[in-house]
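Sequential numbering from 1 applies to the sequence shown in the UniProt record's numbering.
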Amino acid sequence: MPFKNLKPQVETIISNTEKTVDERLLSVCELLETNIDYYNWVGFYFRNGDKEELKLGPYVGAPTDHTIIPFGKGICGQVAVSNENFVVPDVSAQDNYIACSITVKSEIVIPIFVNGENVGQIDIDSNTPDPFSEADERFLEFVCKKVSEILS
(Lines of atoms letter the chains of each structure in order from A and count residues from 1; the text may use other names and numbers.)
(Lines give C-alpha, C1' and ligand atoms only; values in the text may rest on other atoms or scores of the structure.)
Protein backbone atom coordinates (compact mmCIF):
# COMPACT_ATOMS: atom_id res chain seq x y z
CA MET A 1 0.00 0.00 0.00
CA PRO A 2 1.41 3.40 -0.95
CA PHE A 3 2.58 5.63 1.88
CA LYS A 4 0.03 8.34 0.98
CA ASN A 5 -2.77 5.84 1.65
CA LEU A 6 -1.28 4.93 5.04
CA LYS A 7 -0.95 8.51 6.29
CA PRO A 8 -4.68 9.03 7.03
CA GLN A 9 -4.77 5.65 8.79
CA VAL A 10 -1.83 6.67 10.98
CA GLU A 11 -3.63 9.93 11.81
CA THR A 12 -6.83 8.03 12.70
CA ILE A 13 -4.93 5.65 15.01
CA ILE A 14 -3.02 8.46 16.73
CA SER A 15 -6.13 10.61 17.26
CA ASN A 16 -8.13 7.79 18.92
CA THR A 17 -8.06 9.01 22.52
CA GLU A 18 -10.17 6.07 23.68
CA LYS A 19 -7.02 3.94 23.49
CA THR A 20 -3.88 4.30 25.58
CA VAL A 21 -0.68 5.67 24.03
CA ASP A 22 0.85 2.16 24.02
CA GLU A 23 -2.24 0.71 22.32
CA ARG A 24 -2.04 3.39 19.64
CA LEU A 25 1.70 2.82 19.15
CA LEU A 26 1.10 -0.93 18.79
CA SER A 27 -1.65 -0.24 16.24
CA VAL A 28 0.79 1.90 14.22
CA CYS A 29 3.32 -0.96 14.31
CA GLU A 30 0.67 -3.43 13.14
CA LEU A 31 -0.47 -1.10 10.35
CA LEU A 32 3.05 -0.66 8.98
CA GLU A 33 4.13 -4.29 9.35
CA THR A 34 0.91 -5.53 7.69
CA ASN A 35 0.86 -3.09 4.77
CA ILE A 36 4.52 -2.72 3.80
CA ASP A 37 5.82 -6.13 2.78
CA TYR A 38 9.49 -5.41 3.51
CA TYR A 39 8.80 -4.12 7.05
CA ASN A 40 9.40 -7.36 8.97
CA TRP A 41 9.86 -5.97 12.50
CA VAL A 42 8.40 -2.62 13.56
CA GLY A 43 8.84 -1.18 17.02
CA PHE A 44 9.43 1.83 19.20
CA TYR A 45 12.26 2.49 21.63
CA PHE A 46 12.10 5.32 24.15
CA ARG A 47 14.59 6.96 26.47
CA ASN A 48 14.50 5.11 29.79
CA GLY A 49 13.87 7.93 32.25
CA ASP A 50 17.06 9.88 32.94
CA LYS A 51 19.28 6.94 31.98
CA GLU A 52 21.53 6.98 28.93
CA GLU A 53 19.67 4.03 27.45
CA LEU A 54 16.65 3.12 25.36
CA LYS A 55 13.82 0.87 26.53
CA LEU A 56 11.73 -1.21 24.14
CA GLY A 57 8.16 -0.05 23.72
CA PRO A 58 5.34 -1.53 21.63
CA TYR A 59 6.43 -3.61 18.65
CA VAL A 60 5.35 -6.33 16.22
CA GLY A 61 7.58 -9.05 14.87
CA ALA A 62 9.82 -11.70 16.35
CA PRO A 63 10.52 -11.35 20.07
CA THR A 64 13.80 -9.60 20.87
CA ASP A 65 16.22 -9.88 23.77
CA HIS A 66 17.19 -6.24 23.20
CA THR A 67 14.74 -4.60 25.59
CA ILE A 68 17.40 -2.15 26.85
CA ILE A 69 19.95 -0.56 24.50
CA PRO A 70 22.71 1.72 25.83
CA PHE A 71 23.14 5.05 24.02
CA GLY A 72 25.76 4.66 21.30
CA LYS A 73 25.31 0.88 20.93
CA GLY A 74 23.82 -0.54 17.75
CA ILE A 75 21.85 1.46 15.22
CA CYS A 76 19.18 2.55 17.73
CA GLY A 77 21.76 3.60 20.30
CA GLN A 78 23.62 5.62 17.67
CA VAL A 79 20.43 7.46 16.66
CA ALA A 80 19.81 8.30 20.34
CA VAL A 81 23.16 10.16 20.26
CA SER A 82 23.21 11.57 16.69
CA ASN A 83 19.54 12.71 16.55
CA GLU A 84 19.59 11.80 12.86
CA ASN A 85 17.91 9.21 10.66
CA PHE A 86 19.99 6.09 10.11
CA VAL A 87 19.37 3.89 7.07
CA VAL A 88 21.37 0.67 6.93
CA PRO A 89 21.16 -1.03 3.52
CA ASP A 90 23.25 -4.02 4.70
CA VAL A 91 23.47 -4.73 8.43
CA SER A 92 26.39 -7.12 7.91
CA ALA A 93 28.51 -4.14 6.79
CA GLN A 94 27.95 -2.30 10.11
CA ASP A 95 30.56 -2.69 12.84
CA ASN A 96 28.30 -1.32 15.60
CA TYR A 97 25.25 -3.49 14.87
CA ILE A 98 23.24 -5.53 17.38
CA ALA A 99 21.90 -8.60 15.59
CA CYS A 100 18.33 -9.40 16.53
CA SER A 101 17.80 -12.16 14.00
CA ILE A 102 19.92 -13.83 11.34
CA THR A 103 17.13 -13.09 8.82
CA VAL A 104 17.50 -9.30 9.16
CA LYS A 105 19.33 -7.78 6.19
CA SER A 106 18.64 -4.04 6.61
CA GLU A 107 17.34 -1.52 9.12
CA ILE A 108 15.97 2.01 9.30
CA VAL A 109 15.71 4.09 12.49
CA ILE A 110 14.03 7.50 12.67
CA PRO A 111 14.14 9.63 15.86
CA ILE A 112 11.06 11.05 17.57
CA PHE A 113 11.33 14.61 18.89
CA VAL A 114 9.15 16.28 21.52
CA ASN A 115 9.88 19.98 22.04
CA GLY A 116 13.18 19.52 20.20
CA GLU A 117 14.33 16.66 22.42
CA ASN A 118 15.02 13.16 21.08
CA VAL A 119 12.68 11.02 23.23
CA GLY A 120 12.71 7.82 21.20
CA GLN A 121 12.57 6.30 17.76
CA ILE A 122 10.83 3.98 15.41
CA ASP A 123 12.97 1.00 14.43
CA ILE A 124 12.23 -1.16 11.40
CA ASP A 125 14.07 -4.31 10.40
CA SER A 126 13.76 -5.87 6.97
CA ASN A 127 14.64 -9.33 5.73
CA THR A 128 15.16 -7.72 2.30
CA PRO A 129 18.57 -6.24 1.41
CA ASP A 130 18.52 -2.46 0.79
CA PRO A 131 14.73 -1.90 0.51
CA PHE A 132 14.52 1.53 2.17
CA SER A 133 14.24 4.66 0.02
CA GLU A 134 13.96 8.36 0.68
CA ALA A 135 10.17 7.82 0.51
CA ASP A 136 10.43 5.49 3.52
CA GLU A 137 12.39 8.14 5.41
CA ARG A 138 9.85 10.89 4.66
CA PHE A 139 6.91 8.63 5.55
CA LEU A 140 8.49 7.49 8.81
CA GLU A 141 9.35 11.10 9.69
CA PHE A 142 5.62 11.81 9.27
CA VAL A 143 4.78 8.84 11.52
CA CYS A 144 7.25 10.06 14.18
CA LYS A 145 5.83 13.61 14.02
CA LYS A 146 2.32 12.22 14.62
CA VAL A 147 3.55 9.97 17.43
CA SER A 148 5.27 12.93 19.08
CA GLU A 149 1.89 14.66 19.39
CA ILE A 150 0.66 12.05 21.90
CA LEU A 151 3.85 11.77 23.97
CA SER A 152 4.25 13.98 26.99
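Just so you know, even glycine gets a beta-carbon here, dropped at the ideal spot from N, CA and C.
Residue i, enclosing alpha helix (DSSP H) - first and last residue
i	result
Leu6	Phe3 to Ser15
Gly74	Gly74 to Ser82
Glu137	Glu134 to Ser148
Presumed contact (8 angstroms Cβ cut-off) between residue i and residue j, rounded CB distance
i	j	result
Ser106	Ser133	With 8 angstroms as the limit, Ser106 and Ser133 do not qualify as a contact, their Cβ atoms being about 11 angstroms apart.
Val109	Phe86	5 angstroms
Ile13	Ser27	5 angstroms
Val79	Pro111	5 angstroms
Unbroken beta strand (DSSP E) run spanning residue i, endpoints
i	result
Val119	Glu117 to Ser126
Tyr38	It is not in any beta strand (DSSP E) - Tyr38 carries neither H nor E in the DSSP assignment.
Pro70	Ile68 to Pro70
Glu107	Ser106 to Val114
Lys55	Glu53 to Val60
Distance between residue j and residue i (C-alpha atoms, nearest Å)
i	j	result
Phe113	Ile102	31 angstroms
Leu25	Ser92	29 angstroms
Asp95	Ile75	10 angstroms
Ser15	Lys4	18 angstroms
Glu11	Pro70	31 angstroms
Coil, strand or helix - residue i by DSSP
i	result
residue 156	Since the first and last residues shown for the chain are 1 and 152, residue 156 lies out of range.
Ser92	helix
Worksheet item: Using 8 angstroms as the threshold, is the region 37-47 in touch with the region 57-69, meaning 3 or more CB pairs across them?
Response: yes
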